[in-house]
Amino acid sequence: MNNFSKVVAGVIRWGSWGTKMSSSKMGAMIRSCVELGVTTFDHADIYGNYTTEREFGDAMILSGVSREEIQLITKCGIIKPCAEKPGFQISHYNTSKRHILESVDQSLENLNTEYIDVLMINRPSPIMNYEEMGEAFHLLKESGKVREFGAVNFSPEQIRAMRKFYPISSNQVEVSMTHLTPLFDGTIDTCVANDMIPMSWSPLGGGSIYTNTKAGKKIELRLQKLADKYEWTLSEMALLFLLHHPAGIVPVVNYAKPDKIKESVDLLDVEISNEQWFEILISSQGEELP
Ligand SMILES: NC(=O)c1ccc[n+]([C@@H]2O[C@H](COP(=O)([O-])OP(=O)(O)OC[C@H]3O[C@@H](n4cnc5c(N)ncnc54)[C@H](OP(=O)(O)O)[C@@H]3O)[C@@H](O)[C@H]2O)c1
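Just so we're aligned, residue 195 is where the sequence shown starts under our numbering, counting upward by one.
Pasting the structure below:
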C-alpha cells in the first residue's frame, strides 16, 4: 500500500445511500480528489445496495482520470437482500471461497477495471473458514485480479488467525475520537506488530460529533469548546486526532463537497502536540485520565 494516499476518499455516501451524485458530478469529484492528491478510493460491493461500484466505474470514464492514477479498495462478504441481490431472506455474511471469487469478478466488472488494489472482508463472520479465505486470496493474487488483502473490524485474534493463511496488509476499523476502543484493545497495536495499515472508517463518528441528541449534544459541546480553543473545525480536530497517531492511521473520509478534500489534505502538514492529543481524548471521554 506504498502508493496509497494518506487520506482515502470513502464513497459510501456518493450514490443511492447518500447524495445520489450524477455520473458527471461523481466524475468531477474523482478528478478533484486526484488533483488534490487523494488517489485512493474506498468501496464495498454493498454500497448503494450493490449499485455504487458500477456508478463509480461509469464516472471514471467521464473523469478523465486513468486507472493507473488511482487505487481501489473494495470489500465483500455482507449479503443484504435487495433488488440487486434477489433470492435471500435475511442479511448475513458469506466469506466462502466461492463467494469471494464470484464477488471479485462482479466488482471488477462494476468498477470497469482489471484489478483491485485491496480486497477486504467486510465483517468478521463468526463462522469464517480462514483456510478457505486464504486459498481464495492466493488464487486472486496469482491471477492478478487483486494485489493486496485486508479486513474490516477484525480483532487482534482474528488477524492472527487470518495471517496464518495469508499475510493481509490492512485492517479498516471504526476508530475515531468518538470511538476509542481500538486504541485500547490491541487492535491498532496488532497492525503495528504485523506491518499492517490501520484505517479508520467513519472518522467523524459517522456524523455523531454533530448529533443533536441530549447525549450527543453533551460531547459535541465539550469537543466544540476544545476545537474553538485551537481554532480547528470539529472535523479538522477529528482528523488530526487520527493523523497524529504513530501507527499511521489512514482516515477514510466522506467528501460530500470538493472543499472538504482540501481541508483534509492540508491537515497532513499540521502537527499537534502530545498534550493536545490527550486533550481531545479527555474531552471525548468526559473524564480525566487515571
Ligand atoms: N468498512 C466499513 O464497515 C465502513 C462503514 C462505514 C463507512 N466506511 C467507509 O468510511 C467512509 C467514511 O464514513 P462516513 O461517511 O460514515 O464518515 P464520517 O465522516 O465519519 O461521517 C460522515 C457524516 O458526517 C456528517 N457531517 C460531516 N460534517 C458535518 C457537519 N459539519 N455538520 C453535520 N454533519 C456533518 C456527514 O453529513 P453530510 O453528508 O451532510 O456532510 C455524514 O453524514 C465511507 O465512505 C466508507 O468508505 C466503511
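Just so it is clear, CB atoms sit at the ideal spot from N, CA and C, and this is done for glycine as well.
Find out if the Cβ-Cβ distance for the pair residue 541, residue 346 is shorter than 7 Å.
-> The chain is shown only over 195 to 484; residue 541 falls outside these bounds and no answer can be derived.
Let me know the secondary structure DSSP gives residue 257 once reduced to three states.
-> Start at 1 with the first residue of the sequence shown, and residue 257 comes out as number 63. Shown here, residue 257 sits in a helix according to DSSP, grouped into three states.
Hey, residue 390 and residue 364 are a contact pair by Cβ (cut 8 Å); roughly how many whole angstroms apart?
-> Numbered from 1 along the sequence shown, position 196 holds the residue referred to as residue 390. Numbered from 1 along the sequence shown, position 170 holds the residue referred to as residue 364. Contact between residue 390 and residue 364 holds, with the beta-carbon distance rounding to 6 Å and staying under 8 Å.
Contacts around residue 428, its chain only, beta-carbon distance under 8 Å, and the 5 residues preceding and following it disregarded | Residue mapping note: residue 428 aligns to position 234 of the sequence shown, counting from 1. If you ignore the 5 residues before and after residue 428, its C-beta comes within less than 8 Å of the C-beta of 398, 403, 404, 414, 417, 418 and 421, all in its own chain and listed in chain order.
Enclosing alpha helix (DSSP H) for residue 325 [first to last residue] | Within the sequence shown, residue 325 is the residue found at index 131, counting from 1. Start and end: 324-337.
Is there at least one non-hydrogen atom of ligand 1 closer than 6 Å to the beta-carbon of residue 470?
-> Working through the sequence shown from its first residue, we reach residue 470 at position 276. False, no ligand heavy atom lies under 6 Å from that Cβ.
Mind checking whether residue 385 and residue 330 have CB atoms under 7 Å apart?
-> Residue 385 sits at position 191 when you count from the first residue of the sequence shown. Residue 330 sits at position 136 when you count from the first residue of the sequence shown. Cβ distance not < 7 Å, so residue 385 and residue 330 don't count as in contact.
Should residue 310 be labelled buried (16 or more other beta-carbon atoms within 10 Å of its own) or exposed?
-> Locating residue 310 in the sequence shown gives position 116, counting from the first residue. When all chains shown are included, residue 310 counts as buried.
Taking contact to mean at least 3 C-beta pairs separated by less than 8 Å, is the region 276-292 in contact with the region 226-236?
-> Short answer: they don't touch.
Could you give the DSSP three-state label for residue 279: helix, strand or coil?
-> Here residue 279 refers to the residue found at position 85 of the sequence shown. In this structure, residue 279 counts as strand in the three-state DSSP scheme.
With hydrogens ignored, establish whether the beta-carbon of residue 221 is closer than 6 Å to any heavy atom of ligand 1.
-> The residue you call residue 221 lines up with position 27 of the sequence shown. No, the Cβ of residue 221 stays beyond 6 Å of every heavy atom of ligand 1.
Between residue 353 and residue 392, is the Cβ-Cβ spacing less than 7 Å?
-> Position 159 of the sequence shown holds residue 353. Position 198 of the sequence shown holds residue 392. It is not a contact, given that the beta carbons lie outside the stated cut-off.
Buried or exposed: which applies to residue 448, given that a residue is buried once 16 or more other Cβ atoms fall within 10 Å of its Cβ?
-> Position 254 of the sequence shown holds residue 448. With 16 or more other Cβ atoms within 10 Å, it is buried.
Nearest neighbour of residue 358, chosen from 328, 237 and 451 [CA to CA] = The residue given as residue 358 occupies position 164 in the sequence shown. Residue 358 has its Cα closest to that of 328, out of 328, 237 and 451.
How many whole angstroms separate the CB atoms of residue 301 and residue 247, which I take to be in contact at a CB cut-off of 8 Å?
-> Taking the sequence shown and counting its residues from 1, the one referred to as residue 301 is at position 107. Taking the sequence shown and counting its residues from 1, the one referred to as residue 247 is at position 53. That belief holds up - the Cβ atoms of residue 301 and residue 247 are roughly 6 Å apart, short of 8 Å.
So who's on the other strand from residue 286, going by DSSP bridges?
-> What you label residue 286 is simply residue 92 of the sequence shown in a count that begins at 1. DSSP, once it has assigned bridges, lists 273 as partnering residue 286.
Roughly how many whole angstroms lie between the Cα atoms of residue 268 and residue 304?
-> Your numbering for residue 268 matches position 74 in the sequence shown. Your numbering for residue 304 matches position 110 in the sequence shown. Their backbone Cα atoms lie some 11 Å apart in a straight line.
DSSP-derived helix/strand/coil call for residue 389 | Indexing the sequence shown from 1 puts residue 389 at position 195. Coil, per DSSP.
Among 291, 233, 237 and 236, which residue has its Cα nearest to the Cα of residue 322?
-> Indexing the sequence shown from 1 puts residue 322 at position 128. Among 291, 233, 237 and 236, the Cα nearest to that of residue 322 belongs to 291.
What is the residue span of the beta strand (DSSP E) that residue 342 lies within?
-> For this step, residue 342 is matched to residue 148 along the sequence shown. Where residue 342 is concerned, the enclosing beta strand (DSSP E) stretches over 340-346.
Around the Cβ of residue 255, are there at least 16 other Cβ atoms within 10 angstroms (buried) or fewer (exposed)?
-> In the sequence shown, the residue the question calls residue 255 occupies position 61. Taking all protein chains in view, the Cβ of residue 255 is surrounded by fewer than 16 other Cβ atoms within 10 Å, so the residue is classified as exposed.
What did DSSP end up calling residue 428 once you bin it into helix, strand or coil?
-> The sequence position of residue 428 within the sequence shown is 234, counting from 1. If DSSP states are grouped into helix, strand and coil, residue 428 belongs with the helices.
Where residue 216 and residue 481 are concerned, what is the direct C-alpha to C-alpha distance, given to the nearest angstrom?
-> Looking up residue 216 in the sequence shown gives position 22. Looking up residue 481 in the sequence shown gives position 287. One C-alpha to the other measures close to 45 Å.
Pick out the complete beta strand (DSSP E) segments inside the region 375-421, 3 residues or longer, and give them in chain order.
-> Fully contained in the region 375-421 are the following beta strand (DSSP E) runs of length 3 or more, in chain order: 391-395.
Hey, is residue 232 close to ligand 1, as in C-beta under 6 Å from one of its heavy atoms?
-> In the sequence shown, residue 232 corresponds to position 38, counting from 1. Remark: the C-beta of residue 232 is outside contact range of ligand 1, defined as less than 6 Å to any heavy atom.
Residue 383 to residue 436, Cα distance in whole Å?
-> Position 189 of the sequence shown, counted from the first residue, corresponds to residue 383. Position 242 of the sequence shown, counted from the first residue, corresponds to residue 436. C-alpha separation (whole angstroms): 14 Å.
Excluding the five sequence neighbours on either side, which residues of its own chain have a C-beta within less than 7 Å of the C-beta of residue 238, listed in chain order?
-> Along the sequence shown, one-based indexing puts residue 238 at 44. Here residue 238 has 268, 269 and 316 as same chain residues with Cβ atoms under 7 Å from its own Cβ, once five neighbours each way along the sequence are excluded.
For residue 307, is the classification buried or exposed, using 16 other Cβ atoms within 10 angstroms of its Cβ as the cut-off for buried?
-> Reading the sequence shown from its first residue, position 113 is the one you call residue 307. Burial call: buried.
Closest to residue 409 by CA distance: which of 479, 219 and 209 is it?
-> Translated into the one-based positions of the sequence shown, residue 409 becomes position 215. Selected option, being the one with the closest Cα: 479.
Using only alpha-carbon positions, find the residue among 276, 208 and 373 that is nearest to residue 243.
-> Your numbering for residue 243 matches position 49 in the sequence shown. Residue 243 has its Cα closest to that of 276, out of 276, 208 and 373.
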